[in-house]
Structure formats: structure tokens, C-alpha cells
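Chemist: First the structure, which I've put down as C-alpha cells, then a few questions once you've had a look.
Protein chains: 2
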Amino acid sequence: MSDSHRGWKDEVYGQVARVGKALASPRRLEILDLLGQEPKSVEELARELGASVANTSQHLRQLSTARLVRSHKRGTYVIYELASPAVAALTASVEDASEALLLELVALRQRGFGDPTDADPLPLDQLHALVACQAVYLIDVRPAAEYAARHLPGAVSVPLPMLAEHFRGWSSPMPVVAYCRGRYCLYARDAVRFLHQQGIRARRTEASVRDWPWEESATG
Amino acid sequence: MSDSHRGWKDEVYGQVARVGKALASPRRLEILDLLGQEPKSVEELARELGASVANTSQHLRQLSTARLVRSHKRGTYVIYELASPAVAALTASVEDASEALLLELVALRQRGFGDPTDADPLPLDQLHALVACQAVYLIDVRPAAEYAARHLPGAVSVPLPMLAEHFRGWSSPMPVVAYCRGRYCLYARDAVRFLHQQGIRARRTEASVRDWPWEESATG
DNA sequence: CAAGTATTCAAGTGAGTGCTATAATATTGC
DNA sequence: GCAATATTATAGCACTCACTTGAATACTTG
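Sequence lines, in order, name chains A and B.
Using the working numbering, read the first sequence as starting at 1 and increasing by one per residue.
Using the working numbering, read the second sequence as starting at 1 and increasing by one per residue.
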């Protein structure tokens, strides 16, 4: 009985495992998070990953055969992007589950944000409210291209290298809130540390373009 | 800049990849689906999988070190169970994503349910309504132990081997709806085929205990 | 058409994985 | 305590995977 279904089940779970295998490498997971920000070229991904171009290309090939990403050519570059929003939802699920199950991961993340000057992150719902009534100065500290692709409504683009220049002579009493790529990105942490050094009220949030309630292409 | 965060990112994504690796094997995915029904012993899982006990034990060990499952002893048996509801949600996410991304999987599933006598499955919301007003006879064709652990409200336990006996002399005009473990289980299909042969109005649903809106331990 | 550049292919290596078969380790029931 | 049984550990095999290196491909630009 159960035996007569064996072949079919093997095939079915074999297919699901194609997706599972794609999620089995740290590099590939990081690639998926990066592509969740914005489509990127192989070279750019390799630079972000600190990996060789050839190696990055191979990982992208695997993600591609598992249908998690797709590519098209733009000029001399091959631009990779997530195959669908379902992929961003999938990686979010895996990361959520990991945080729920692995104490090590929670500890590791606390270690990254453990400096006493790193205030608690601003929760998503509070951010929503504060931005709506313009009570905070929301900055997007990712590279400009990622801001251009998609950003939180009301946010100002201040890439990390521009931070000092942007806040030179800053005297507004309005508190600053910084966001970056999300949970596993330290840009916002670095920004907040710098602003604190300058005596500017600042806080980070773990919200990112992934979490924001998106109406299609509303890039306010 | 990005380089100074490298070590931390490697560790973080390494942790997430622990969960990813656990999802990278067809056998382990099937184990997670089976444990989503009910906690089971190694021996029982091995029988369901058509795998050796030793091999099953090894897979369970991997799932265990990734914290997706946990175990406790009952008599001479070691009973494995999902570590938390988050694991069931995770496997559901992976399967959802696979179905959204892999045409092969959709085709494969259609092949399993492609017989013209297999009517379209009853959607979850319709099932909810029909059960609420007692317009259908809902049968749970999984093994009795899984029914005992958890079942849809209003369902009657009719394990597949008991099907013929249960419906001998059946004359009610009420249509039968059969459910089993879910999307990748063929028990409900087999039950509906049999009932059709007997001239009984029957339909399957892909709803399962995983999909039902559960209030805690309401096993109506 | 030629040069330059972005990407992919191919081969090689060391580590890891899935499976089998066999032995070892409980733990229960007599 | 001894036999029976459920589970896990160990060793070995074929295979896959991640990464590196060096060459090949494809496309743009002059």
C-alpha cells in the first residue's frame, strides 16, 4: 500500500529538496538576501560576498536551476534577480525559523548588536506610526542603487560613506532612525554608532524593504 | 567596511544554513511531513519511508542537531516530534515555494491525481463551510493513531484498510469528503477511487490538520 | 575587426553526505 | 541477571559539493 506510492513520493520530495538544497549553503542564503534588496550583477554580488566571481557564478547557477533566481543581460553584465516575491518570502521563513529554533543564532546576533551604545531596535509598528506623523528623520544607509530600486516611504538616502558629510552641522532636535538591508546587515548599527559619537539622537530599526507593507511600486 | 563584517556574516548565515541543510534531503522533508501528523518512533518512520532503521536514525540525528526535531523515550521506543509549530510552518513554506517555482512539481502532483475519477479537490474554505452545516460526511483515512493525535473537527476515523468494511451497505445520500496527510499523500485519492467504484458520491480535499485553523487542543 | 571586460566552463582537490552492513548500547520483561 | 528488542555508533563505499585555477565564450566599444 504505502509501497505502491513510494516512487511518486520519492519524486515529489525530490523536487521539494531541489529548493531545500539551494538553501543549504551560507553563501547562497546571503545571495538571496542581497538580491532581495535589488537585482545585481555577478561581479557586484561577488564583491559583497567577498567571494571569487567564478564561485559566485557557480552558486548563482545552482540557484537558477532550482528556479529561485533568474537572469537577463544588461549591456555586458548579467543581472540576477529573485524569480518571484515568493523567494523573498521563503528566505524570510527560513530565517524566522532559524531564529526561533537556534539559540546560537540569537546569541550571535546579540553579539553583533551588543555594544551598549546600540539601542534597542525600533519595532516595525512604531516606525510605521512615527514615519506617518513625521516625528523622525528616517535614513536609508544602504548603497544609493538599492535605495533607488526600492526604499521605505519617507526615507532619505544616506549611504554609509556619505554619513559624516550629510550630518555635518546637523542641529535639528528630530531623532534619526536608520535602516539597512535587514536583520543580518550591520550598516544601520554602524550609522547609529557614528551619530551617537556626534551627539546626535539616533536609533536603528530592523525593518527593511522586505518588511514594509508594499503597495505595488509605491516608492514614496 | 563590508570586509570588517565578513566574519560575523559568515557565522550568521552559517547558522541559518544549518536549517537549510536539514531541508536539503527528500527523506528528511518526508520525515518532517510525517512528524507534522503525529510524533513517531524511529521504527515507524523507517517503515513509512521504506528506509532502513539505521538510515532513518541518522537523518533524525541531523534534524535533531539542526533543532528541527526533539525526542524523548517512551518505554523502549524513542519518540521523535517536531521541535515547535514553527517547524511545521517552515516545511509548509518550503513546499509552498516549491509549488510556486517548480513547474515540474505541479506536473508531478497532477500526474498523481490525474485519473479522471479523481475529482478536483475541495478547497479549504468550502470544506470549512460544508462541515459547519453538516452537509458532508468527513472521513479521516490516515492510520487511527494519527487521527487520535489530532484531526479535523467533525471528522470520522476511517483508516484506509477499514474503508470497505465501513461503507458496506452505505445508503446515505450525503456526499463523502476524504482527507489524509496533505498534499503529498495519496490516501484520500485511493479512498475516493474506491468509493466511486462502489457508486458512492465522494470527493477528496487537500486540507489536512496542518491547514485547519487550530484553537489549542480542540480535537472536536 | 580587434581589444577589453564580464561571465561561464572545465578540471582538480579536499571535505562532506547518503547509504549499507555490522557492531555496540540501552532498556524492558521474564 | 539474561534474552529480546529498539536505537545508535562505526566503518566503508560511491557520490556530491564547495572552492580554486586557468581557459573559453560572448558581448561591447573603439
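Glycine residues also receive a C-beta, built at the ideal position from the N, C-alpha and C atoms.
If the criterion is Cβ atoms closer than 7 angstroms, does the pair B:Val209 and B:Arg150 meet it?
Modeler: Closer than 7 angstroms, so yes.
Chemist: Would you tell me roughly how many angstroms separate the C-alpha atoms of B:Arg222 and A:Met162, rounded to the nearest one?
Modeler: In the structure as shown, chain B begins at 1 and stops at 220. Residue 222 of chain B is therefore absent and cannot be evaluated.
Chemist: Is there a Cβ from chain B that is less than 7 angstroms from the Cβ of A:Leu127?
Modeler: No, A:Leu127 lies away from the interface with chain B (no Cβ there is under 7 angstroms from its Cβ).
Chemist: Mapping DSSP to helix, strand and coil, what is A:Thr91?
Modeler: A:Thr91: helix per DSSP, three-state reduction.
Chemist: Below 7 angstroms between beta carbons: does that hold for B:Glu38 and B:Glu206?
Modeler: Not in contact: B:Glu38 and B:Glu206 (Cβ atoms no closer than 7 angstroms).
Chemist: Anything in chain B within Cβ reach of A:Arg109, meaning under 8 angstroms, just list it in chain order.
Modeler: Within chain B, the residues near A:Arg109 are Val12.
Chemist: Going residue by residue through the region 142-205 of chain A, where are the continuous alpha helix (DSSP H) segments of at least 4 residues, counting only ones entirely within it?
Modeler: The qualifying runs are 144-149, 163-166 and 187-197.
Chemist: Is the region 28-43 of chain B touching the region 129-139 of chain A, taking contact as three or more C-beta pairs under 8 angstroms?
Modeler: Cβ pair count under 8 angstroms is below three, so no.
Chemist: Looking at C-beta atoms only, is the number of pairs between the region 69-86 of chain B and the region 1-16 of chain B that lie closer than 8 angstroms three or more?
Modeler: No contact exists between the region 69-86 of chain B and the region 1-16 of chain B.
Chemist: From A:Ala144 to A:Ala191, what does the alpha carbon distance come to, in whole angstroms?
Modeler: When rounded, the distance between both Cα atoms is 15 angstroms.
Chemist: Using a C-beta to C-beta distance shorter than 7 angstroms, which residues of chain A count as neighbours of B:Lys21?
Modeler: Simply Ala24.
Chemist: Could you compute how far the alpha carbon of A:Lys21 sits from the alpha carbon of B:Ser98?
Modeler: Rounded to the nearest angstrom, the two C-alpha atoms are 12 angstroms apart.
Chemist: Starting from the beta carbon of B:Lys9, find every residue of chain A whose beta carbon is closer than 7 angstroms, and list them in chain order.
Modeler: Glu30 and Tyr184, listed in chain order.
Chemist: Please name the residue, chosen from A:Arg27, A:Leu152, A:Gln110 and A:His59, that lies closest to A:His128 on a Cα-to-Cα basis.
Modeler: Comparing Cα-Cα distances from A:His128 to each of A:Arg27, A:Leu152, A:Gln110 and A:His59, the minimum goes to A:Leu152.
Chemist: At which residues does the alpha helix (DSSP H) containing A:Leu29 begin and terminate?
Modeler: Pro26 to Leu35 is the span of the alpha helix (DSSP H), which, as asked, contains A:Leu29.
Chemist: Can you grab the Cα-Cα spacing for the pair A:Arg181 / A:Arg142, in whole Å?
Modeler: Rounded to whole angstroms, A:Arg181 to A:Arg142 spans 7 angstroms at the Cα level.
Chemist: Going by DSSP, which residues form a beta bridge with B:Leu122?
Modeler: DSSP, once it has assigned bridges, lists B:Thr205 as partnering B:Leu122.
Chemist: Bridge partners for A:Tyr80 per DSSP, in chain order?
Modeler: A:Tyr80 is bridged to A:Lys40 and A:Ser71.
Chemist: For B:Glu95, which residues in chain A fall below 9 angstroms Cβ to Cβ?
Modeler: Near B:Glu95 (Cβ distances below 9 angstroms), the residues of chain A are Val16 and Val19.
Chemist: Taking just the CA atoms, how far does A:Val177 sit from A:Gln126?
Modeler: Those two C-alpha atoms are separated by around 11 angstroms.
Chemist: Looking at chain B, is there any beta carbon in it that lies within less than 7 angstroms of the beta carbon of A:Leu101?
Modeler: Taking Cβ atoms only, chain B reaches closer than 7 angstroms to A:Leu101, which makes this a yes.
Chemist: Residues of the region 35-64 of chain B with a CB closer than 7 angstroms to any CB of chain A: list them in chain order, please.
Modeler: Hits within the stretch, in order: Glu48 and Gly50.
Chemist: Here's the rule: buried if 16 or more other CB atoms are within 10 angstroms of the residue's CB, otherwise exposed. What is A:Thr65?
Modeler: That one is exposed.
Chemist: Have a look at A:Arg111 and A:Ile139 and give me their C-alpha separation to the nearest angstrom.
Modeler: Cα to Cα, the separation comes out at about 24 angstroms.
Chemist: Give me the Cα-Cα distance between A:Glu48 and B:Ala89, rounded to the nearest whole angstrom.
Modeler: In a straight line, the C-alpha of A:Glu48 is about 31 angstroms away from that of B:Ala89.
Chemist: Compare the C-beta of B:His5 against all C-beta atoms of chain A and say whether one is closer than 7 angstroms.
Modeler: With 7 angstroms as the cut-off, B:His5 counts as an interface residue toward chain A.
Chemist: Can you list, in chain order, the residues of its chain whose CB lies under 7 angstroms from that of A:His72, leaving out five sequence neighbours each side?
Modeler: Closer than 7 angstroms at Cβ, skipping near neighbours: Ile79.
Chemist: I'd like to know whether the C-beta of B:Leu130 is nearer than 7 angstroms to at least one C-beta of chain A.
Modeler: No, because no Cβ of chain A sits closer than 7 angstroms to the Cβ of B:Leu130.
Chemist: Assuming B:Thr228 contacts B:Leu29 under a Cβ cut-off of 8 angstroms, what Cβ separation, rounded to an integer in Å, is found between them?
Modeler: Outside the modelled stretch of chain B, which goes from 1 to 220, sits residue 228 of chain B, for which no answer is possible.
Chemist: Return helix, strand or coil for B:Leu138, following the three-state DSSP convention.
Modeler: Residue state, collapsed to three classes: strand.
Chemist: Quick one: using the 10 Å Cβ neighbour count with 16 as the cut-off for buried, is A:Tyr148 buried or exposed?
Modeler: Residue identity differs from the one stated: residue 148 of chain A is Ala in this sequence, not Tyr. So A:Ala148 counts as exposed.
Chemist: Do A:Phe113 and A:Arg189 have their C-beta atoms closer together than 7 angstroms?
Modeler: Yes.
Chemist: Can you find a C-beta in chain B that's less than 7 angstroms from the C-beta of A:Arg67?
Modeler: By this cut-off, A:Arg67 is an interface position.
Chemist: Establish whether the CB of A:Gly114 and some CB of chain B are separated by less than 7 angstroms.
Modeler: No, because no Cβ of chain B sits closer than 7 angstroms to the Cβ of A:Gly114.
Chemist: Could you have a look at B:Asp115 and say whether DSSP puts it in helix, strand or coil?
Modeler: Here B:Asp115 sits in coil by DSSP.
Chemist: Ordered along the chain, which non-local residues of its own chain (more than five positions away) have a Cβ less than 7 angstroms from that of A:Leu23?
Modeler: If we look at A:Leu23 and ignore the five residues flanking it on each side, its Cβ neighbours are Leu29 and Val94.
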